[in-house]
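In what follows, a structure is listed as structure tokens, so that the remarks can point back to it.
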Amino acid sequence: IWTICLSKSGTVRHGFPYQPSSMAFDPVQKILAIGTQSGALRLFGRPGVECYCQHESGAAVIQLQFLINEALVSALADDSVHLWNLRQKRPAILHSLKFNRERITFCHLPFQSKWLYIGTERGNIHIVNVESFMLSGYVIMWNKAIELSSKAHPGPVVHISDNPMDEGKLIIGFESGIVVLWDLKSKKADYRYTYDEAIHSVAWHHEGKQFICSHSDGTLTIWNVRGQGKPIQTITPHGKQPKDGKKPEPCKPILKVEYKTTRNGDPFIILSGGLSYDTVGRRPCLTVMHGKSTAVLEMDYPIVDFLTLCETPYPNDFQEPYAVVVLLEKDLVVIDLAQNGYPIFENPYPLTIHESPVTCCEYFADCPVDLIPALYSVGSRQKRQGYSKKEWPISGGNWGQGTQSYPEIIITGHADGTVKFWDASAIMLQVLYKLKTAKVFDRNRSKEDKGSTETSDEDPFAIQIMSWCPESRMLCVAGVSANVIIYRFSKLEVTTEVLLEVRMQYELNDIESPDGGGGGGEQTSAHPTPGASPQTSGPPSHPSTSSNNSDGGNIPCLNTPLKQSPGYQVDLVVQLVWVSGEPPQQITSLALNSSYGLVVFGNSNGLAVVDYIQKTVVLNLGTVELYGSNDPYQRQPRSPRKTRQVNCMISAAGLCDINEGSATSEDRCKSPTSGNLVHICLVCLLLPLHCGCFTSLCFLLTVLLSVCPPRGANPLDHRDNSFSRSRSSSVTSIDKEAREAISSFHFCETFARKGDSTLTHCLYVGTSLGTVLALALTLPPAGEQRQLQPVIISPTGMLVRLKGSILRMAVLDSTGSQVPPAYEPWYEPNVTADGEEREKVRKRRPVSVSPSTSQDLNESQYAVVCSEKQAKVISLPSQTCIYKHSITETSFILRADVVQMSQGVCVACFCANGHIMTLSLPGLRPLMDVNYLPLTDMRIARTFCFTNLGQAMYLCSPTEVQRITYSQDTCENLQEMLGELFTPVETPEAPNRGFFKGLFGGGAQSLDREELFGELAAGKASRSLAQHIPGPGGIEGMKGAASGVVGDLARARIALDERGQKLGELEERTAAMMASADSFSKHAHEMMLKCKDKKWYQF
1 IWTICLSKSG
11 TVRHGFPYQP
21 SSMAFDPVQK
31 ILAIGTQSGA
41 LRLFGRPGVE
51 CYCQHESGAA
61 VIQLQFLINE
71 ALVSALADDS
81 VHLWNLRQKR
91 PAILHSLKFN
101 RERITFCHLP
111 FQSKWLYIGT
121 ERGNIHIVNV
131 ESFMLSGYVI
141 MWNKAIELSS
151 KAHPGPVVHI
161 SDNPMDEGKL
171 IIGFESGIVV
181 LWDLKSKKAD
191 YRYTYDEAIH
201 SVAWHHEGKQ
211 FICSHSDGTL
221 TIWNVRGQGK
231 PIQTITPHGK
241 QPKDGKKPEP
251 CKPILKVEYK
261 TTRNGDPFII
271 LSGGLSYDTV
281 GRRPCLTVMH
291 GKSTAVLEMD
301 YPIVDFLTLC
311 ETPYPNDFQE
321 PYAVVVLLEK
331 DLVVIDLAQN
341 GYPIFENPYP
351 LTIHESPVTC
361 CEYFADCPVD
371 LIPALYSVGS
381 RQKRQGYSKK
391 EWPISGGNWG
401 QGTQSYPEII
411 ITGHADGTVK
421 FWDASAIMLQ
431 VLYKLKTAKV
441 FDRNRSKEDK
451 GSTETSDEDP
461 FAIQIMSWCP
471 ESRMLCVAGV
481 SANVIIYRFS
491 KLEVTTEVLL
501 EVRMQYELND
511 IESPDGGGGG
521 GEQTSAHPTP
531 GASPQTSGPP
541 SHPSTSSNNS
551 DGGNIPCLNT
561 PLKQSPGYQV
571 DLVVQLVWVS
581 GEPPQQITSL
591 ALNSSYGLVV
601 FGNSNGLAVV
611 DYIQKTVVLN
621 LGTVELYGSN
631 DPYQRQPRSP
641 RKTRQVNCMI
651 SAAGLCDINE
661 GSATSEDRCK
671 SPTSGNLVHI
681 CLVCLLLPLH
691 CGCFTSLCFL
701 LTVLLSVCPP
711 RGANPLDHRD
721 NSFSRSRSSS
731 VTSIDKEARE
741 AISSFHFCET
751 FARKGDSTLT
761 HCLYVGTSLG
771 TVLALALTLP
781 PAGEQRQLQP
791 VIISPTGMLV
801 RLKGSILRMA
811 VLDSTGSQVP
821 PAYEPWYEPN
831 VTADGEEREK
841 VRKRRPVSVS
851 PSTSQDLNES
861 QYAVVCSEKQ
871 AKVISLPSQT
881 CIYKHSITET
891 SFILRADVVQ
901 MSQGVCVACF
911 CANGHIMTLS
921 LPGLRPLMDV
931 NYLPLTDMRI
941 ARTFCFTNLG
951 QAMYLCSPTE
961 VQRITYSQDT
971 CENLQEMLGE
981 LFTPVETPEA
991 PNRGFFKGLF
1001 GGGAQSLDRE
1011 ELFGELAAGK
1021 ASRSLAQHIP
1031 GPGGIEGMKG
1041 AASGVVGDLA
1051 RARIALDERG
1061 QKLGELEERT
1071 AAMMASADSF
1081 SKHAHEMMLK
1091 CKDKKWYQF
């Protein structure tokens, strides 16, 4: 049974919340909530416990307030307020209230109160009961709060808070600079405090006798509650104090201030903003003032909000602050206030995905079990020092109890050339290891070169494609500057003694010119004829014998010894060179096979196969060369096609004297099947390798794929007949052929030719015009021979053609199980003891469904090919198409993967119209088609990938990874694996006020808010002011509350009851429902049945 869990509940989101806008902390549950500008809500507990929810409207979250140890209230920019139930694994909305006539600007929910104060743009304050989400009839109007004589409107409410020592006194801050102390019982203003600068925030001293305001001119004012008129102190933390006693010069606004007291020392005043205007280019700062010392802490990004974490949730006790959580635009920083120098805590959440923008991703489920520990052990050495010694303070929640335990790894490639490996097992995400590929290149030299060339690329080191073999741990990355770097994994440190730059270059030229002119006018290349020494001459346009190429576009490599720490170490660098002033085309496809020791890459001109064991280029062919005589586009020249030959030039930069005999100039062999095809076996300059553990030779191969005409080259100029410029007299087919890029590769062991009876090593090549071509590989025997004898590659023609670019190829055995590519198990490359004698055993990747171990001669295989438009299954060796399915007509597929599910193998596709589809194999029956998400951004297309066992991932924002599951098993497991955010914790006891304070008064004054704000005293609120919307989380809320304390259960029942009443009112517009609230249990039961039929609580 194939089902889909692509509702929002089947997903997990990791990474930094994109465009955060607000933050709140529950000091009892110890969980942090962050709201974003797109209405997302991210909740964080202890490392590994996090949760993602979404407000349906998508409006920005302007404020979050915890109903401490209970629930969470969110206020949105669309003037709605929502109550979230946190007592279930996926929090849900219990109630919503949408204001119609007023804009919400500030909310305040006092500790242990159920009445929420809501300030508005008009300057009024409304009061909401958070249990029933009904508005009270009690309203504080702006014109009653300010002086009657004042004609001007005081502006929006920017702050509300009650006096810590007297809940009946409320301080209200208006934007214009007026602060009012409002007496809730007598419904009038006790005191008014006016200042001529706009207010941004207000904070109380815990004794309730003083408060502090922050202003738009960079000043702080401290006021006595009973002191009228002037502040008792005015501070400009960052202003220069003039000598003559004048006011200090104005600074930038102080956006927020917090005033926190300690029992045994000076209070802390913590503020954001307030820098002087002449600090141009200075980074955003958080200022911590403690006694006489002022610490200015620079941040990497602008500050969105900050919160001080204190030992007590009670506002009327000494606060004892111990940390500050600072929410930045692109980071979350927690500062330790208790240690000297205010160090930061090491952040355990995976919030650094976007450190440099992600350019590509790969996702691997069911990796070898030793892989994550190996990556972790080398990655743990990369940790920075100087963090706080204390435990991470956000420690709420409990981990899930999921049973899935297979290792999963996500690899991200970034714009600055870094590659990050993440442990993604059990729905968590944790960085394991970070590899900086840009280290290979000489950045200083590349900057000097940039000065001369206009084409300065923003991110010259950006990763474009990654190919990774988890079993052998070989990694290959292709960068935007047309370079390929091959890495081996080692646990030992090595120093690469010499980085040798070997430049290989190919030009195709006729032995006899088509017009019989002996290669006169249209001979494009000044290459030597096949007998001459390859060192003597070179094409005048690019003297490749010198190391600094005159076409100058390549990023230069370091030629000094490179110290390589344990982890991924450079084995080989391959660089495509410029041709006649044209930069090389970007690499469009890449594949690596550790068993064969080969890396293959292609671009819009052709492909190159590199043997990384011998450090040679084995094959370098234009796309057209792969077709041979089967070219569907008829790209032959006008005259009959002559045998082509390829000359190669090898030169080693930085090595002065080379024996001409040491490099075989060419080693050509005809393919046994097609007479006019050439394949080349090159033996490169093999210098004696140093056989020490710390010395190895690192090569740089520079490959020139110059088969295609440069963009914009006129095809009808005097070089028209030359094969390297153009292969056709018709302009349209040239354009068509110029578009034919190599789009995908697949290494396999299969029947290379039609009617073969034995399996051979093969490479399938897919092109952007929908053709699949096969190349047969002949590998030398393992051991010493593999180091010396050349790999021979012979094209065997076209396998099949599809509509659209080829995305994915795979091979199945006769039982329909996937035949994985061969691989070599990992071994430590830097140990030389018995390295020579080690026989390299070729192995197959293990598959959970056991494939038939030996392929009998009469047994067939199936080749699966998926393009942007359709999928085909071809029977081998007969090469007949047995199944065909058109996946999409109107759109195109962005990503297709052949994945292993618990029920078998299938093709998973993600389409540009947002559909996720799966097809059975080998029959190509549609199993699932879900319209999941519209392609709103090219980032999704670039990063979407499927993996085995029904999982997929993509970057849903520049900073966040979204993981989804499309398998029933994983989906059922997911609920168990999700952590619990809410844990039963007792609220700490209220502070003991002492005998004398109780005797003489001066203790905290409590207030019966129910009496003031309830319907009996305050009356009903205006119906048109706001509408109540019951949330979908109600029934779930009942279940969640059942796990809490008995009193909580009763409270949730009341809430359910009251919401039910309101729902009835909305639907039937009658008051008859109001009388039926006599029995909680009976009524809740009725409501559940009623709601069940309505299905309004479902997602």
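Per full-length UniProt numbering, the sequence shown starts with residue 1, numbered consecutively.
Ideal placement from N, C-alpha and C gives every residue a C-beta, glycine not left out.
Please read these numbers as outputs of a predicted model, since none were measured by experiment.
For P922, the closest C-alpha among the options V202, N948, T983, L812 is that of L812.
For P934, the closest of N913, I882, R283 by C-alpha to C-alpha distance is N913. Cβ atoms of I940 and V930 stay farther apart than 8 angstroms, at about 15 angstroms. If you check the CB distance, L97 and I1029 come in under 9 angstroms. Scanning M938, L876, F944 for the CA closest to the CA of A908 turns up F944.
Rounded to the nearest angstrom, the gap between the Cα atoms of P393 and T294 is 24 angstroms. In the DSSP assignment, Q430 is bridged to D423. Where P926 is concerned, the enclosing beta strand (DSSP E) starts and stops at 926-931. Each residue's CA atom was taken as its position, placing I344 and V334 some 6 angstroms apart. Cβ neighbours of L592 within its own chain (closer than 7 angstroms, five residues either side excluded): S467, C469, M474, C476, V599. Under the 8 angstroms Cβ criterion, the stretch 425-432 does not count as touching the stretch 354-362, having fewer than three qualifying pairs. The closest CA to that of E889, considering only T880, S878, K869, is found on K869. Rounded to the nearest whole angstrom, the C-alpha separation of E740 and L876 is 26 angstroms. Contact between the stretch 321-340 and the stretch 367-383 is not established, with fewer than three Cβ pairs separated by less than 8 angstroms. Under DSSP, H55 shares a beta bridge with no residue. Contact between the stretch 53-65 and the stretch 413-422 is absent: fewer than 3 CB-CB pairs across the two stretches fall below 8 angstroms. Between the alpha carbons of V202 and L170 lies a distance of about 12 angstroms. Looking only at A608, Q789, G783, G48, the smallest Cα-Cα distance to E980 is reached by G48.
When only Cα atoms are considered, A1021 and I118 end up about 14 angstroms apart.
Residue pairing by DSSP places P1030 opposite H95 in a beta bridge.
Cβ neighbours of V800 within its own chain (closer than 7 angstroms, five residues either side excluded): V772, V865, K872, I874, C881. The C-alpha of F910 lies about 5 angstroms from the C-alpha of R895.
In terms of CA proximity to E471, P820 leads the group P820, A952, S757. Taking the C-beta atoms as reference points, Q228 is found nearer than 9 angstroms to R192. If you check the CB distance, A774 and P790 do not come in under 9 angstroms. Judged by beta-carbon spacing, G479 lies within the 9 angstroms limit of T437, meaning their Cβ atoms are closer than that value. Residue ranges of uninterrupted beta strand (DSSP E) with 3 or more members, entirely inside the stretch 570-605 and ordered along the chain, are 589-593, 598-602.
In the DSSP annotation of this structure, Q228 is not part of any alpha helix (DSSP H), being labelled neither H nor E. Burial is judged here by how many other beta carbons sit within 10 angstroms of a residue's own beta carbon; Y487 has at least 16 and is buried. For a cut-off of 8 angstroms, the C-beta gap from I146 to N124 is around 12 angstroms, too long to register as a contact.
With a 10 Å radius around the Cβ and a threshold of 16 neighbouring Cβ atoms, L148 comes out exposed. With distances taken between CA atoms, T495 lies nearest to P561 out of P561, K434, K439, Y433.
Membership of Q968 in any beta strand (DSSP E) is not indicated; the residue belongs instead to the alpha helix (DSSP H) covering 968-977. Excluding the 5 residues flanking it on each side, L807 has same chain C-beta neighbours closer than 8 angstroms at S743, S744, G766, C866, S867, E868, I893, R895, A896, in chain order.
Ranked by how close their Cα comes to the Cα of E1010, the residues V304, N129, Q787, I964 have N129 in first place. For the pair L76 and K114, the CB atoms are not nearer than the 9 angstroms cut-off.
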